[in-house]
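*Asks:* At position 180 of the sequence shown the residue is numbered 180 (full-length UniProt numbering), and the sequence of numbers has no breaks.
I'd like to ask you about the structure that follows.
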Amino acid sequence: MRTQVGIVGAGPAGLLLSHMLHLRGIESVILESRSRAAIEATIRAGVLEQGTVDLMTEIGAGERMKREGFVHHGFEIRFQNRSHRINLHDLANGRTITVYAQHEVLKDLIELRLATGGQILFEARAEGLEDVTSDRPRIRFTTKEGAAEELICDFVAGCDGSYGVCRKAIPEGTVRQDYFRTYPAGWFGILAKAPPSSHELIYTHHERGFALISTRSPNVQRMYFQCDPNDKVANWSDDRIWAELHARVSGDGFRLKEGEIFQKNIVPLRSFVAEPMQHGRLFLAGDAAHSVPPTGAKGLNLAAADAHVLARAIGAYYSANATDLLEAYTATALRRVWRGQWFSWYMTQLLHRFPDAGAFDLKRQLAELELVTSSRAAATMIAENYVGLPLS
Ligand code: PHB
């Protein structure tokens with residue numbers, strides 16, 4: 001098999017890249033190890049930055065998002081049982097965020113890609129990359145039927161997530177350096193059939209730990225609370241979950257609305273960046289190169305931005321034989337990635353109670369929470385980073 005751009009992974013980065021290349025007349029093939037049904041059912045985060053919304057709209061993938069997504073003009077930071085609003089629209093020059101689940105984004109992109117002649121090979125597992133520093137890199141893969149195949153390309157885009165094979169094709173130590181941090185906490189996430197408890201997201205700092213009240217639709221709510229990262233879903237009955245959430249977020253007239261819990265999962269909190277994001281003709285995008293803790297919901301948005309930068313660079317190569325944007329890919333992408341890393345870390349350390357934190361840390365956190373909810377300058381810093389940098 002032969003194509004111009006071989007893409008490993010049909011997540012946000014791979015699908016967006018494939019479609020943006022298509023709009024530039026460039027052919028790609030996506031290899032995806034999972035089934036379409038599995039991808040479309042996997043629950044992830046749900047906050048789209050303004051730039052991601054604009055990108056989806058511009059490439060013709062924004063119709064359902066515009067109809068079914070929810071535009072939020074602000075969010076709340078809650079501590080000592082009181083909520084304080086961060087007015088995104090006001091503080092960030094009219095920019096907002098849209099709540100629309102990641103798997104809905106994927107459904108829309110898969111449908112669009114298939115309707116425009118895109119090739120996505122589901123249940124095709126990439127085994128390894130060959131000759132990425134030559135001008136004919138190859139992806140070895142196993143088809144759905146179990147046959148060993150190769151995809152020969154001009155470029156390989158590694159969009160295969162944190163545990164994919166692509167990053168490993170950049171030699172560690174000599175070429176690649178990994179930057180890594182884990183946090184002594186995880187997020188316990190639930191989906192519940194309940195009406196919204198709030199019009200806007202509530203990020204809560206509490207002595208028992210962080211909690212987040214988010215939403216999916218008027219009938220389905222997404223909520224999280226900080227837990228031990230090694231805890232097990234089976235340890236948490238519905239009653240225990242509601243008691244914990246109420247303990248962290250209720251008070252001062254606010255009361256969480258309960259409903260039937262139909263999904264539970266535990267998400268680890270970690271920060272990771274691999275540098276460089278390019279090696280020869282291999283380009284990493286999204287979680288293959290970096291992951292963030294979910295506080296601030298940057299993961300999908302960083303993946304979309306990488307795809308945008310990479311599509312433009314590959315486009316310039318085919319249309320004008322220009323390699324400057326390709327050579328600048330790592331530097332261009334990393335500026336946003338490290339900003340996202342910093343903001344995700346910042347929100348994480350501001351809002352969580354870690355087991356090794358002392359009395360000083362709690363007092364310092366409360367002073368900082370006071371600051372960001374009372375100083376317009378400090379709130380503006382949060383708002384600008386939350387809505388995200390424009391995709392220039
Ligand atoms: C979500 O709705 O899943 C969500 C929202 C905000 C975050 C993380 C996750 O910071």
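Using N, Cα and C, we set each Cβ at its ideal position, and we do this for glycine too.
Can you look up Y203 in the DSSP assignment and give me helix, strand or coil?
*Replies:* Working through the sequence shown from its first residue, we reach residue 203 at position 203. DSSP places Y203 in strand when its eight states are reduced to three.
*Asks:* Confirm, please, whether the CB-CB distance from F155 to L351 is below 8 Å.
*Replies:* Looking up residue 351 in the sequence shown gives position 351. Looking up residue 155 in the sequence shown gives position 155. Going by C-beta atoms, L351 is not nearer than 8 Å to F155.
*Asks:* Taking the alpha-carbon positions, what's the E123 to A289 distance?
*Replies:* The residue labelled residue 123 in the question sits at position 123 within the sequence shown. The residue labelled residue 289 in the question sits at position 289 within the sequence shown. In a straight line, the C-alpha of E123 is about 22 Å away from that of A289.
*Asks:* For T96, which residues in the same chain have their Cβ closer than 7 Å to its Cβ, ignoring the five residues on either side in sequence?
*Replies:* What you label residue 96 is simply residue 96 of the sequence shown in a count that begins at 1. Cβ within range, chain order: Q50, V71, H72, H73, L88, H89 and V387.
*Asks:* In the DSSP assignment, find the unbroken alpha helix (DSSP H) run with I170 in it and report its ends.
*Replies:* Start at 1 with the first residue of the sequence shown, and residue 170 comes out as number 170. No alpha helix (DSSP H) contains I170, which DSSP labels as neither H nor E.
*Asks:* Hey, out of E200, K193 and H84, whose CA is closest to K257's CA?
*Replies:* One-based indexing of the sequence shown puts residue 257 at position 257. Selected option, being the one with the closest Cα: K193.
*Asks:* Taking one C-beta from the stretch 222 to 240 and one from the stretch 375 to 387 each time, how about it: are there three or more such pairs within less than 8 Å?
*Replies:* They do not touch, by the three-pair rule.
*Asks:* Less than 7 Å between the CB of V47 and some heavy atom of the ligand PHB, yes or no?
*Replies:* By 1-based counting over the sequence shown, the position of residue 47 is 47. Yes - the ligand PHB has a heavy atom lying nearer than 7 Å to the Cβ of V47.
*Asks:* Mapping DSSP to helix, strand and coil, what is A307?
*Replies:* Stepping through the sequence shown from its first residue, residue 307 is reached at position 307. Looking at A307 - three-state DSSP - the assignment turns out to be helix.
*Asks:* Check whether the Cβ of R222 lies closer than 7 Å to any heavy atom of the ligand PHB, and answer yes or no.
*Replies:* The residue labelled residue 222 in the question sits at position 222 within the sequence shown. At least one heavy atom of the ligand PHB is nearer than 7 Å to the Cβ of R222, so yes.
*Asks:* Check whether the Cβ atoms of I120 and I30 sit closer than 8 Å, and answer yes or no.
*Replies:* Here residue 120 refers to the residue found at position 120 of the sequence shown. Here residue 30 refers to the residue found at position 30 of the sequence shown. Closer than 8 Å, so yes.
*Asks:* For T98, which residues in the same chain have their Cβ closer than 6 Å to its Cβ, ignoring the five residues on either side in sequence?
*Replies:* To locate residue 98, count along the sequence shown from 1; it is residue 98. If we look at T98 and ignore the five residues flanking it on each side, its Cβ neighbours are L48, V53, G69 and V71.
*Asks:* Using C-beta distances below 6 Å, list every residue in its chain close to N265, excluding the 5 sequence neighbours before and after it, in chain order.
*Replies:* For the purposes of this step, residue 265 is taken as residue 265 along the sequence shown, with counting starting at 1. Excluding positions up to five away in sequence, the list reads G189.
*Asks:* Among residues of its own chain, excluding the 5 on either side of T133, which ones have a beta-carbon nearer than 6 Å to its beta-carbon?
*Replies:* Taking the sequence shown and counting its residues from 1, one reaches residue 133 at position 133. The residues are G280.
*Asks:* If you draw a straight line from the C-alpha of E130 to the C-alpha of I170, how long is it?
*Replies:* Along the sequence shown, read from residue 1 onward, the residue named residue 130 stands at position 130. Along the sequence shown, read from residue 1 onward, the residue named residue 170 stands at position 170. Taking the straight line from one Cα to the other gives about 11 Å.
*Asks:* Less than 8 Å between the CB atoms is what I'm expecting for R167 and L151, so what's the real figure, rounded?
*Replies:* Taking the first residue of the sequence shown as 1, we reach residue 167 at position 167. Taking the first residue of the sequence shown as 1, we reach residue 151 at position 151. Actually they do not touch by this definition, with Cβ atoms about 18 Å apart.
*Asks:* Ordered along the chain, which non-local residues of its own chain (more than five positions away) have a Cβ less than 6 Å from that of R78?
*Replies:* Here residue 78 refers to the residue found at position 78 of the sequence shown. These residues qualify, in order along the chain: I202 and T204.
*Asks:* Could you pull the DSSP bridge partners for residue 429 from this structure?
*Replies:* Outside the shown range of the chain, which is 1 to 392, sits residue 429, and nothing can be said about it.
*Asks:* Is the beta carbon of residue 429 less than 8 Å from the beta carbon of P293?
*Replies:* This structure gives no information on residue 429, because the portion of the chain shown stretches from 1 to 392.
*Asks:* Could you tell me how far apart the beta carbons of G9 and C153 are, in whole angstroms, since I believe they sit closer than 8 Å?
*Replies:* Here residue 9 is taken as the residue at index 9 of the sequence shown, counted from 1. Here residue 153 is taken as the residue at index 153 of the sequence shown, counted from 1. Wrong, their Cβ atoms sit about 14 Å apart, outside the cutoff.
*Asks:* Shorter than 7 Å, the distance from the beta carbon of A285 to the closest heavy atom of the ligand PHB, or not?
*Replies:* Locating residue 285 in the sequence shown gives position 285, counting from the first residue. Incorrect: A285 has no Cβ contact closer than 7 Å to the ligand PHB.
*Asks:* Should S291 be counted as a contact of the ligand PHB given a C-beta to heavy atom distance under 7 Å?
*Replies:* On the sequence shown, residue 291 is found 291 positions in, with the first residue counted as 1. Incorrect: S291 has no Cβ contact closer than 7 Å to the ligand PHB.
*Asks:* On the criterion of 16 or more Cβ atoms from any shown chain inside 10 Å, does N93 qualify as buried, or is it exposed?
*Replies:* Indexing the sequence shown from 1 puts residue 93 at position 93. That one is exposed.
*Asks:* Select from A274, R208 and A305 the residue whose C-alpha is nearest the C-alpha of A333.
*Replies:* Taking the sequence shown and counting its residues from 1, the one referred to as residue 333 is at position 333. Selected option, being the one with the closest Cα: A305.
*Asks:* Can you find a heavy atom of the ligand GDP that lies under 7 Å from the Cβ of A297?
*Replies:* The ligand content of the structure shown is limited to the ligand PHB, which means the ligand GDP is not among them.
*Asks:* If you compare alpha carbons, which of H103, T142 and I86 is closest to A38?
*Replies:* By 1-based counting over the sequence shown, the position of residue 38 is 38. Here the closest residue by C-alpha is H103.
*Asks:* What do you reckon, is the C-beta of L214 under 7 Å from a heavy atom of the ligand PHB?
*Replies:* Taking the sequence shown and counting its residues from 1, one reaches residue 214 at position 214. Reading the sequence as shown, one finds Ser at residue 214 and not Leu. Checking the Cβ of S214 against the ligand PHB gives yes.
*Asks:* Restricting to runs no shorter than 3 residues, where is the beta strand (DSSP E) found entirely within the stretch 215 to 299?
*Replies:* Segments of the beta strand (DSSP E) lying fully in the stretch 215 to 299: 220 to 227, 260 to 275 and 282 to 284.
*Asks:* Just the C-alpha distance for R216 and A41, rounded to the nearest angstrom, thanks.
*Replies:* For the purposes of this step, residue 216 is taken as the residue at position 216 of the sequence shown. For the purposes of this step, residue 41 is taken as the residue at position 41 of the sequence shown. If you take the alpha carbons of R216 and A41, they lie about 14 Å apart.
*Asks:* Give the range of the beta strand (DSSP E) segment to which S33 is assigned.
*Replies:* On the sequence shown, residue 33 is found 33 positions in, with the first residue counted as 1. Premise fails: S33 is in no beta strand (DSSP E) and is neither H nor E.
*Asks:* For L269, is the beta carbon positioned less than 7 Å from some heavy atom of the ligand PHB?
*Replies:* The residue labelled residue 269 in the question sits at position 269 within the sequence shown. For the ligand PHB, not one heavy atom lies less than 7 Å from the Cβ of L269.
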